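Numbering (UniProt numbering), first residue to last: 1 to 460. Note that CB positions come from ideal geometry on N, CA and C, so glycine has one too. Owing to the predicted nature of the structure, the values given are computational and were not obtained by experimental measurement. Only one structure is covered here, and it is reproduced in the block below.
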């Protein structure tokens with residue numbers, strides 16, 4: 001395992017500074033990949049896995065999460081997009097109709113119609129940030145041509161949605177997930193801040209003002225959000241829900257992602273310099289060090305022995321007598337917290353975070369790919385959470401995302417900010433432009449009516 005010395009492809013973002021690189025170089029032993037170690041993605045099986053998920057009922061364990069159908073739909077449709085497996089025009093139309101049916105009249109989207117009673121509309125229930133995030137991405141994914149993409153957000157109640165989202169923010173800058181009796185509830189989970197920041201970017205929140213600046217569009221408290229994120233870095237450099245909680249790689253991605261999307265240009269480039277990250281992460285080097293420590297040498301026999309024990313989660317460090325001076329390392333697994341086992345999804349959470357921070361060269365690419373493709377890639381397609389497990393939608397999608405962000409020729413170019421293909425990112429940008437034009441035309445029409453009636457009343 002190592003901090004790689006060589007830069008990687010441009011789509012992974014710029015490298016960290018020389019001083020930061022030197023500060024973290026010694027954390028991992030050097031590794032020289034062997035030409036013989038070249039596992040590959042079994043694309044055909046992955047396509048079949050995702051097509052099966054799209055066309056048939058999901059297994060019974062998913063029933064408990066039925067209220068999160070939009071989330072599952074995103075994983076399935078976006079995975080097929082990454083694998084270049086197109087949907088039919090009929091499927092695209094059905095997805096769009098279904099997503100818009102879940103829009104709440106007071107703003108936002110519900111996760112499914114699960115909480116609808118007989119005779120009620122499908123939007124009954126509470127809109128939430130996660131459902132709204134995935135709804136907007138699905139509308140972009142459902143578009144085929146540029147013309148379709150430009151009208152993908154037609155039907156989205158932008159003004160109501162942004163007003164609803166503003167109400168979800170607390171005075172301390174954090175976000176709840178849903179509104180209950182007009183107040184935000186759902187903890188101060190960093191995921192909520194990330195989702196809100198992405199939704200704001202996708203809809204162009206805070207971008208519109210009247211020409212004279214007299215009336216400003218409702219927007220979230222950006223400074224409050226940055227301040228909230230800044231106060232969640234922990235003593236070990238990681239990020240948690242609060243600075244006295246346990247750090248977690250998933251929280252790190254959401255914190256950095258929230259900042260990254262706050263000042264992302266409307267028409268994005270593969271990477272951008274983010275002043276918000278500089279302001280919102282007090283100790284950048286410590287966070288990079290925490291993330292680098294999430295990768296470790298995967299040893300199959302020790303993992304199997306641990307799986308047979310009662311402790312299914314905690315990782316036991318290799319004993320001193322088992323250590324060698326060999327610098328070969330064929331498989332690198334990733335965990336989300338200290339002393340936990342390897343988990344497929346954390347390759348994505350960590351690699352994505354490092355990419356947004358311009359520290360992609362800290363990812364040990366070759367053995368990380370080997371771990372995903374040799375250890376958790378399932379023989380029927382998809383990825384499992386750990387070695388020997390069954391594939392599930394969450395880990396199967398984030399396994400593809402991890403491969404895409406570290407580079408795989410069988411997958412489309414990937415956007416680390418929105419966790420989707422760059423092609424979908426472009427559709428979202430076109431959809432936003434189209435929606436802003438619709439809003440501008442509506443405001444102009446309303447202004448014209450006011451001027452007409454004002455003139456009429458003056459004459460009277």
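Buried or exposed (CB count within 10 angstroms, at least 16 for buried), residue 478: Not covered by the structure: residue 478. The range shown for the chain is 1 to 460.
Proximal residues to residue 261 (C-beta, below 7 Å), its chain only, five neighbours per side dropped: Cβ within range, chain order: 197, 198, 201 and 417.
Limits of the beta strand (DSSP E) - the one that residue 296 falls within: 295 to 297
Sub-8 Å separation of residue 155 and residue 132 beta-carbons: The answer is no: Cβ separation not under 8 Å.
Buried or exposed (CB count within 10 angstroms, at least 16 for buried), residue 343: buried
Close beta carbons around residue 48, own chain, < 7 Å, minus the five adjacent residues each side: 381
Residue 224 - DSSP class collapsed to helix/strand/coil: The answer is helix: DSSP assigns residue 224 an H, G or I state.
N-terminal and C-terminal residue of the alpha helix (DSSP H) that residue 278 is part of: For residue 278, the enclosing alpha helix (DSSP H) has its first and last residue at 275 to 280.
Beta-carbon proximity check, residue 237 vs residue 173, cutoff 8 Å: no
Cβ contact check for the region 420 to 433 and the region 181 to 191: 3 or more pairs under 8 Å: The region 420 to 433 is not in contact with the region 181 to 191.
Length of the line joining the Cα atoms of residue 443 and residue 85: 40 Å
Alpha helix (DSSP H) runs wholly inside the region 58 to 103, at least 4 long, in chain order: 69 to 82 and 89 to 101
Residues bridged to residue 334 [DSSP beta-bridge criterion]: 295
Simplified DSSP state of residue 134, which is helix, strand or coil: Helix at residue 134.
Segment contact, 8 Å Cβ cut-off, at least three pairs: the region 364 to 377 with the region 400 to 412: Yes, since at least three Cβ pairs between the region 364 to 377 and the region 400 to 412 fall closer than 8 Å, the two stretches touch.
Limits of the beta strand (DSSP E) - the one that residue 179 falls within: 178 to 180
Nonlocal neighbours in the same chain, by C-beta distance under 6 Å from residue 134, ignoring five residues either side: 70, 71 and 74
DSSP-derived helix/strand/coil call for residue 384: strand
Counted within 10 angstroms of its Cβ, other Cβ atoms place residue 364 as buried (16 or more) or exposed: So residue 364 ends up on the buried side.
Chain-order list of residues whose beta-carbon lies under 6 Å from that of residue 321 (same chain, five-residue window excluded): Here residue 321 scores only 43 on pLDDT, less than 50, and its place in the model should not be relied on; the value that follows carries that caveat. Nothing listed; no residue qualifies.
For residue 44, the three-state DSSP class (helix, strand or coil): helix
Beta-ladder partner(s) of residue 415, from DSSP: For residue 415, which the question treats as bridged, DSSP gives the partners 420.
Beta bridge counterpart(s) of residue 246 as assigned by DSSP: Partner(s): none; residue 246 has no beta bridge.
CB of residue 203 within 8 Å of CB of residue 437, strictly: no
Local conformation of residue 105 per DSSP, three classes: coil
Residues bridged to residue 391 [DSSP beta-bridge criterion]: As DSSP reads the structure, residue 391 sits in a beta bridge with 384.
Alpha-carbon spacing of residue 245 relative to residue 395, whole angstroms: 25 Å
Local conformation of residue 183 per DSSP, three classes: strand
Three-state secondary structure assigned by DSSP to residue 350: helix
Cβ pair residue 249, residue 291 closer than 8 Å: yes
Backbone CA spacing between residue 82 and residue 269 [nearest angstrom]: Approximately 19 Å, taken between the alpha carbons.
Option in 332, 77 and 408 with minimal Cα separation from residue 42: 408
Residue 128 in three-state terms, based on DSSP: strand
Whole-Å CB distance - residue 427 paired with residue 143, under 8 Å assumed: 5 Å
Contacting residues, own chain, Cβ-Cβ under 6 Å from residue 279 (five flanking each side not counted): 226
Within 8 Å, strictly: CB atoms of residue 435 and residue 146: No, the pair does not count as a contact, with Cβ atoms beyond the cut-off.
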